[in-house]
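Heads up: the sequence lines are chains Y and W, in that order.
Taking the working numbering, the leading residue of the first sequence gets 1, the next gets one more, and so forth.
Taking the working numbering, the leading residue of the second sequence gets 1001, the next gets one more, and so forth.
Even for Gly, the Cβ is constructed at its ideal location relative to N, Cα and C.
All figures in this text were calculated on a predicted structure; none of them were measured in a lab.
Single-structure report; data block below.
Number of protein chains: 2
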Amino acid sequence: MDLERLISVARGDEPADLVLNNGQVVDMICGEIYPTAIAVAEGHIAGLGEGYQGAEVVDLRGRYVCPGFIDAHVHMESSLVRPREFARAVVRCGVTTVVSNPHEIANVLGVEGIRFLLRDSRNAPLEILFTIPSCVPATHLATSGARLTRQDIRLLLQEPGLVGLGEVMDFQGVVSGDRRLLGEIEICRGLPIDGHCPGLSGRKLNAYTVAGINSEHECTRVEEAREKLRKGMKIFIREGSVARNLKVLLPLITPHNERWLCFCTDDRRLSDILEEGSVDHLVRMAIAGGVPPFMALRMATLNPAEHFRLYDRGLIAPGRRADLVVFRDLNEPRAERVYYQGVLVAESGTGVRGEPVAVDERYEGTVGNTMHVNWSGVDFRIPVEGKRIRVIGVVEDQLITESIVMEPLIKNGFAESDPARDLLKIAVIERHRASGNVGLGFVKGVGLKHGAMAGTVAHDHHNLIVLGADDLSMMAAAEAVVAVGGGMAVTAGGTILARLPLPIAGLMSDMPLEVVSERTAALADAVKKLGSTLKDPFMTMSFLGLEVIPCLKLTDLGLVDVNRQKIVPLFTI
Amino acid sequence: MDLERLISVARGDEPADLVLNNGQVVDMICGEIYPTAIAVAEGHIAGLGEGYQGAEVVDLRGRYVCPGFIDAHVHMESSLVRPREFARAVVRCGVTTVVSNPHEIANVLGVEGIRFLLRDSRNAPLEILFTIPSCVPATHLATSGARLTRQDIRLLLQEPGLVGLGEVMDFQGVVSGDRRLLGEIEICRGLPIDGHCPGLSGRKLNAYTVAGINSEHECTRVEEAREKLRKGMKIFIREGSVARNLKVLLPLITPHNERWLCFCTDDRRLSDILEEGSVDHLVRMAIAGGVPPFMALRMATLNPAEHFRLYDRGLIAPGRRADLVVFRDLNEPRAERVYYQGVLVAESGTGVRGEPVAVDERYEGTVGNTMHVNWSGVDFRIPVEGKRIRVIGVVEDQLITESIVMEPLIKNGFAESDPARDLLKIAVIERHRASGNVGLGFVKGVGLKHGAMAGTVAHDHHNLIVLGADDLSMMAAAEAVVAVGGGMAVTAGGTILARLPLPIAGLMSDMPLEVVSERTAALADAVKKLGSTLKDPFMTMSFLGLEVIPCLKLTDLGLVDVNRQKIVPLFTI
Chain Y
1 MDLERLISVA RGDEPADLVL NNGQVVDMIC GEIYPTAIAV AEGHIAGLGE GYQGAEVVDL
61 RGRYVCPGFI DAHVHMESSL VRPREFARAV VRCGVTTVVS NPHEIANVLG VEGIRFLLRD
121 SRNAPLEILF TIPSCVPATH LATSGARLTR QDIRLLLQEP GLVGLGEVMD FQGVVSGDRR
181 LLGEIEICRG LPIDGHCPGL SGRKLNAYTV AGINSEHECT RVEEAREKLR KGMKIFIREG
241 SVARNLKVLL PLITPHNERW LCFCTDDRRL SDILEEGSVD HLVRMAIAGG VPPFMALRMA
301 TLNPAEHFRL YDRGLIAPGR RADLVVFRDL NEPRAERVYY QGVLVAESGT GVRGEPVAVD
361 ERYEGTVGNT MHVNWSGVDF RIPVEGKRIR VIGVVEDQLI TESIVMEPLI KNGFAESDPA
421 RDLLKIAVIE RHRASGNVGL GFVKGVGLKH GAMAGTVAHD HHNLIVLGAD DLSMMAAAEA
481 VVAVGGGMAV TAGGTILARL PLPIAGLMSD MPLEVVSERT AALADAVKKL GSTLKDPFMT
541 MSFLGLEVIP CLKLTDLGLV DVNRQKIVPL FTI
Chain W
1001 MDLERLISVA RGDEPADLVL NNGQVVDMIC GEIYPTAIAV AEGHIAGLGE GYQGAEVVDL
1061 RGRYVCPGFI DAHVHMESSL VRPREFARAV VRCGVTTVVS NPHEIANVLG VEGIRFLLRD
1121 SRNAPLEILF TIPSCVPATH LATSGARLTR QDIRLLLQEP GLVGLGEVMD FQGVVSGDRR
1181 LLGEIEICRG LPIDGHCPGL SGRKLNAYTV AGINSEHECT RVEEAREKLR KGMKIFIREG
1241 SVARNLKVLL PLITPHNERW LCFCTDDRRL SDILEEGSVD HLVRMAIAGG VPPFMALRMA
1301 TLNPAEHFRL YDRGLIAPGR RADLVVFRDL NEPRAERVYY QGVLVAESGT GVRGEPVAVD
1361 ERYEGTVGNT MHVNWSGVDF RIPVEGKRIR VIGVVEDQLI TESIVMEPLI KNGFAESDPA
1421 RDLLKIAVIE RHRASGNVGL GFVKGVGLKH GAMAGTVAHD HHNLIVLGAD DLSMMAAAEA
1481 VVAVGGGMAV TAGGTILARL PLPIAGLMSD MPLEVVSERT AALADAVKKL GSTLKDPFMT
1541 MSFLGLEVIP CLKLTDLGLV DVNRQKIVPL FTI
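Encoded structure:
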């Protein structure tokens, strides 16, 4: 940036690169709307006011202009596309900055995976910032593909674009004073440190926040959020694809505490981004729910900018980056034009910069080679060892599960899937080190009548997770996924009904988002035809292995009682 | 800080160092008041909630507790006492952090002066942070004692306690793209950079703010402040001793923009601190003027903490520093108890920590040796060179002056003071380099009937400024000040009526604040007896040499037309 030129443009002595005339600026500080021209130079806002000359002049015809949206917390991997494609999807929503936590790929590939995302994020039509994943691996109750050491964290922190420590999920570890965790936190002292402590309160919450953890996106109740605000945490109100907390949390928002609130999407599937939107969808939902537009917009712009100390954005003011969203209806902001650093990057919901990834554009090294399954250890048969079994109970739209006790269907001394009672077998096959580990269990609430589904997206260890109505279909699904370097598949008997290859770490496609969108829809269709009534069975399945969210989960090491942080036997009394 | 112990205390497994029971916490985020105990350990807040055990337990009997106050912008030198004594004065007001700009001592002694303040600030009963003075010297229109180079700024920025760049007073220089100034600003890019641009607006304000200058404390009108808010500047509402802007700016404050507002005292004399208070006085004034207590308190706590990125304070929340103010009346907060990092430092308006400076405790090196006057050049006679003269017109309670044209009183071919018309001679004697420079002029509005006053506090160059009803008194006053290594004196004829030595850089006393307070009162009494009706003639005089605030000022180089940034002759047509 040439500051001398920028000042000269601001004075009016040199023409701007771009002048937006006849806009109505939403003033994020004063909560006013006022008509003004905006002069842009060097990618920054040079001046507000009439009479500026510019190389390009655009007439906004009275439309509103606000700063570009910022997603305070997102896992890009959940979109199943690589960062540049993710960027294409969200920039048309007016998102010009995302703070992403690459902890999915970090659990598969460690620092190497993070560096792939960093590389792929360059030259995207928006800024992709990163928090450094903490708790990789999440616990010792699963086998992950990589471990991030304190030294890794220290080195990553030196890189541009890394803005803090990612969600500290092992809240029990912090509360109990776990030294490894405190070491990670000490390295990031004074920086944004994202929290993740669903339901934590009282003295335990004191102990968690005293460590310096200063945001939280896992609130599901207003009272929970209020206590966390009191204890100094910024609340990121989340509306993901599975975890949808915005409506419940709307009563939390007041003019007093709004500055301490941001929006985030966390885990959002591509189809939801394409159909509903990204952070802009949360803004519209909040306004529809009674939040004044100015406050809703501030939660998507200035507040996350301040939280992540991005002092160069979040406002339409001289010297700030020219990240701008132009829209028509203050009560339903929908990006008509999006400028990123002064360049038009989206118009009428379509990206104008950032071409689809060419299929032949490859990713390098081990990033494309992460499926290591020892098939000799894979056997889905479950010999009966008792009368009753612990069953994972799916709770739709939630990451938590219930722990149910049922009697299994028994055939020939083996416990079997029983679709009639919606009792399906589930397996987690270790896929990073070919250890041969396989965890086995049962799940209720998925609804498959026959067939099976498998995927290598399984938070946070991302082993190969498979569930189904019979062992044959399950084996076919697992093999179908491994054959393409990771991905998702739906099978019935030996037939593959639908498949999406995710060869990048077993998490992301190498295809353009349009293709991934179609294939994902085909997967959903196939699962639906097999009888599931879940909104997104693959996303639901991907959280059934997450051993840090209560109550009962399955990893390659077995069933996990999350509250006790212990492996428990499948059979019980 | 032992984080493991802090977490253990937060859990309730170890006793706290201090527990404050039965307090009512003012929640700076939610704008609520709620009863809770506060557990303190390691100088930090360990937990909120009942039932904590502590080595010391205090019953607050229902009193309110808020975070320690933060003064967003102050020149400690204006209190005329050294930092540790200044700290004793303001900590009893509930101030636990000040952001001070040491640009007075920097203009006299450069980096060496700043380092003296840094040393003297250690172990004070509150935290004294510093911005790095920019624009030292302010302009080329006066002779200062030192120059801060870009290299000095770069080095100072590495030191703990330096939080940003001090007020960029040469706003014309920024607007015109002055490279030296832009160089200073570039070094501090992304940090807090304080502004100082009274009255600037429109494209010039665009040019000033585009450089990254992000706060302003010179607003004197609501409309001016509104435009500056729109352009992204935080507004520090100032209530100094001379410049008093709070009442005028009260209508500015709304629930929307309040987060962008802070309080500051800028230049406050010791007697005003002792009688009215510091930032607490501004809080009370704002509440009395209709600002909700919660908002007024936030402007004195959380807002400046956020602005200066002091994420360890500004809230009563786990992990934040235990800087606390206990008070009884929400509508008139007055510190009954003040805790700094968990230690009681003031009670009932009296400091309990920080003993008075022992008189024999010395300051080192050149800090105590800054008076270098070439007396051979000092001659107050003004030969007549025209019929009319430019006269500096004092505007009470303002830093600006008027430029008046009058006919001088002429005797024997010399222009003389004419107390009958309140027309007094004024001189600025260079005192850093013994150059022999003397600037001469006239001032109206001070009101001395006879005698003279002199001082080495003369913003920003801090040369020896003297004004009076006759040359003999003026010379006696000047000599009286130089004889004690700098200071202030009032004389009548050859008699010294009152004197305050300021041997530290000619700016600060080496005596306890109680002594300085008495001596300052004696000076004021003496000037009053000589006929002045000004509230604080010495502070008023100290700004008559400040060549960056309109309209007409006097330096050792002569009369300065501030708007034109030119030396102008005393005689005019």
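DSSP places E416(Y) inside the beta strand (DSSP E), whose first and last residues are F414 to E416. Around R1433(W), no beta-carbon contact reaches into chain Y at under 7 Å, the shortest distance being about 33 Å. Within chain W, the C-beta atoms nearer than 8 Å to that of K231(Y) come from L1048, A1317 and P1318, in chain order. No Cβ of chain W is located within less than 8 Å of the beta carbon of H450(Y). Residue nearest to T1555(W) within the set V1490(W), N1101(W) and V1466(W) is V1466(W) (criterion: CA-CA distance).
Beta-bridge pairing by DSSP links H44(Y) to A41(Y) and R321(Y). Chain Y has a Cβ within less than 8 Å of the Cβ of A1010(W). Per the coordinates, the alpha-carbon of L1250(W) lies some 12 Å from the alpha-carbon of R1284(W). Each of V1482(W), F1442(W), S1473(W) and A1434(W) was checked against the Cα of T1456(W), and the nearest Cα belongs to V1482(W). Annotation for V515(Y): the continuous alpha helix (DSSP H) segment containing it runs L513 to K529. Nearest to E332(Y) by alpha-carbon distance, out of H461(Y), G94(Y) and I70(Y), is G94(Y). Of the residues assessed, E1518(W) falls on the exposed side of the cut-off, its CB having fewer than 16 other CB atoms within 10 angstroms. Under the three-state reduction of DSSP, P1333(W) is assigned to coil, being neither helix nor strand. When the five nearest sequence neighbours on each side are left out, the beta carbons in the same chain lying within less than 8 Å of the beta carbon of N1369(W) are those of G1485, in order along the chain.
For D1027(W), the C-beta contacts it makes with chain Y under 7 Å involve R230, in order along the chain. DSSP places G173(Y) in the uninterrupted alpha helix (DSSP H) bounded by F171 to V175. Looking at the DSSP output, A458(Y) shares a beta bridge with no other residue.
Residue pairing for I33(Y): DSSP places it in a beta bridge opposite V26(Y). Relative to N1303(W), the option among F1130(W), M1028(W) and L1205(W) whose CA is nearest is M1028(W).
Chain-ordered, the chain Y residues with CB closer than 7 Å to the CB of R1203(W) read A10, R11, G12, G47 and G49.
Leaving aside the five residues that flank R11(Y) on each side, none in its chain has a CB nearer than 6 Å to its CB. At a cut-off of 8 Å between beta carbons, C1197(W) makes no contact with chain Y.
Apart from sequence neighbours up to five positions away, the residues of its chain that approach P1035(W) with a beta-carbon distance below 6 Å are Q1024, ordered along the chain.
The C-beta of N22(Y) comes no closer than 8 Å to any C-beta of chain W. For E1218(W), no Cβ of chain Y is located within less than 8 Å of the residue's own Cβ.
Contacts with chain Y at 8 Å (Cβ-Cβ) include L1182(W). For A1305(W), there is no enclosing beta strand (DSSP E); the residue is part of the alpha helix (DSSP H) that begins and ends at L1302 to H1307.
The Cβ of Y1311(W) sits closer than 8 Å to at least one Cβ of chain Y. Contacts between R1084(W) and chain Y, judged by CB atoms closer than 7 Å, are missing: the closest CB pair is about 27 Å apart.
Minimum Cα-Cα distance from K553(Y) among the listed residues T572(Y), A37(Y), A458(Y) and S278(Y) corresponds to A458(Y). Here the stretch 63 to 82 of chain Y lies against the stretch 322 to 341 of chain Y, with 3 or more beta-carbon pairs under 8 Å apart.
Between the beta-carbon of A1142(W) and that of E1547(W) there is about 6 Å, and that keeps the pair under the 8 Å contact cut. Between R203(Y) and S241(Y), the C-beta spacing is not below 8 Å. For R1259(W), the chain Y residues whose C-beta falls within less than 7 Å of its own C-beta are R259, listed in chain order. Membership of S121(Y) in the alpha helix (DSSP H) is indicated by the continuous run H103 to S121. Residues of chain Y with a Cβ closer than 9 Å to the Cβ of C1030(W) are, in chain order, R226, L229, R230, T254, H256, N257 and W260.
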